[in-house]
Structures are given as C-alpha cells and as structure tokens.
Amino acid sequence: MFFEHVPRRGLICAHRGARSIAPENTLLAMTMAKACGAHCWETDIRMSKDGKLIVFHDDSLERTTNIAVNRALKKHPDCSVNCYTLAELRELDVGSWFLSDDPFGAVASGEVADVQYETIKRQRIPLLREVLDFSKKHSFPVNLEIKDLKTPSGDVLVVDRIMEMLFETGTMDMVLLSSFRHEYLHRARALNKEIDIAVLAEEQHPQDLIQYLRSFQAAAYHPNVDICDEELINGLQRAGFRVNCWTVNDMKRAQEILRTGGGVITDWPQRLI
C-alpha cells in the first residue's frame, strides 16, 4: 500500500505540492513536487455543487482564485466552493494570485523562473481523477486530506465517492487518506480494510492516543509540528505507527524530526532533498 512506496524513515512530503515555488494544489505544484525529489505529496479533496471531486484547500475561493474579478461567477457573498458546479470552478484562474501575492517570496528571489509565469497563469482547479492518473503513471504517492464539508454527522458521502474513484483508477495502493474529521476515516476503513489511513491532529492529541489510532487500524499519525516532539515520535514508532509532522518549514526543526525517523510535511521539499 502507500507506505510500501516511500522510505520507512525520514519521509519528505510536499505540502499541497511544492507550494513555495508553484500555486498550491495545482497540477503544476504536483509536477514540481515530483521533480524536486519529494517522496510524496499532500493535497486536499472537496466536492463541487454537482458532486464532483476536486482538489482545493479553502472553504472559500477568494484567496487563491480570480473570483473577485469574475463578475459572471461572483454570485455568492462568501464564494464558498460548494456553491459552484465543476464547470464553473474550472473557469477560474488559480495561478495568477501566486505571482501577485508571492506568498513565499520565491518569485521575488528568482526561484520561480520567468519562463514559468505563463504556465502558472494557466493553472485551473484539478479533478481528483487527474491527480490519481498522474500518481499512477509516475508512481508518485499522494496523501489525500479529505476536507470537512460541514455536513451533518453521518453524512460521509464524500468518502464513498473517493473510494469509488480509487477503485476505478486502480490507485488504492498509491493513496494515504487523512482527515481532521475522523468520522470520514472510520467510513473509509469500513469500506476497505487495506487502505492506509493517517489521523490528523492540530491543537491536542486524542486521549489514549495509541488505542485511538488502533481503533482506525491507522498506519500513521499526522500531528501539528507544534505538538510533536521526539518522545512522541519514538513512542509511536515503537508501537508500529508512522509519524509525519505538519507543516514543517523551519529547516533545522525538519532535520531534527527526520533524524528521529519521523516524516515532515513541508512547503519547502526542495530544500530537504
């Protein structure tokens, strides 16, 4: 499965692709993550209004698209992703903001070459199928974070759709599923006993952590780097779990984690290879 395709120790995972040098969660960011030598990449899965699986991080389209200047599409006050059909979403430019905002300073520093600008401007919201097809073709594993769609408890349709897509594309072995909405992970495990699962945590660890992870038959634990230390990593590794900390952009901290055998999910994979 997923962890058979990556190193047992010292995993380097590109967060939303190589998002320091390409617009996040785009096919270009995925391609750059592969090119820079990352062992895998992490991305975010949502559903469009018409139930199509797409790659996008935020609830709103405002930060990373040109929705603000697209008068034909700016019809919802909060610009929520789930208010738009796939056809509408695919009209949006999800690359140009990266050049104007330069969130990591890589454009100003020249790390993003001028010749890439036109490619960046052509980026559109990817389909999950496009990501999976790339993963299969290039043997590039992907961590799919299932975003909380804010549906009522028990509504886990997005998980069923994702699992169906993995079966259709023959990519079950290339995928690690993770989510902050742990209900999704229980549903994934109920649908498939083999797929690798990672439990995400941000502000605090679940109580009785090892038993909690075992309740999912989880392969890994993905804590915020702020609640991750050497004792935690070593203890979980002894119990048979992988530990990959997010989002690790301090290179000294990243090297400390890698030396323990833990993994890092980082915006700067090219600086760690």
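The opening residue of the sequence shown carries number 1 in UniProt numbering; numbering runs sequentially from there.
Every residue, glycine too, gets a C-beta built ideally from N, C-alpha and C.
For residue i versus residue j, is the C-beta distance shorter than 8 Å?
i           : j           : result
residue 42  : residue 265 : yes
residue 243 : residue 220 : yes
residue 44  : residue 66  : no
residue 176 : residue 2   : yes
residue 108 : residue 21  : no
residue 273 : residue 36  : yes
residue 146 : residue 158 : yes
residue 34  : residue 140 : yes
residue 269 : residue 38  : yes
residue 142 : residue 174 : yes
Going by DSSP in three states, residue i sits in which element: helix, strand or coil?
i           : result
residue 42  : strand
residue 120 : helix
residue 249 : coil
residue 266 : strand
Could you please give me the residues that DSSP links to residue i through a beta bridge?
i           : result
residue 127 : 54
residue 243 : 221
residue 80  : 60
Answer with yes or no whether the minimum CB distance from residue i to chain D is below 8 Å.
i          : result
residue 73 : Reference to chain D is not applicable here, since this structure consists of a single protein chain.
Could you tell me which uninterrupted alpha helix (DSSP H) segments, each at least 4 residues in length, are contained entirely in the region 3-38, listed from first to last along the chain? With a minimum length of 4 residues, the continuous alpha helix (DSSP H) runs that stay inside the region 3-38 are 27-35.
Every unbroken beta strand (DSSP E) inside the region 136-211 [3 residues or more]: 142-146, 175-179 and 196-201
Touch test, the region 86-106 against the region 47-62, Cβ-Cβ under 8 Å, three pairs minimum: yes
Under 8 Å: do the region 201-216 and the region 163-177 share three or more Cβ pairs, one atom per stretch? no
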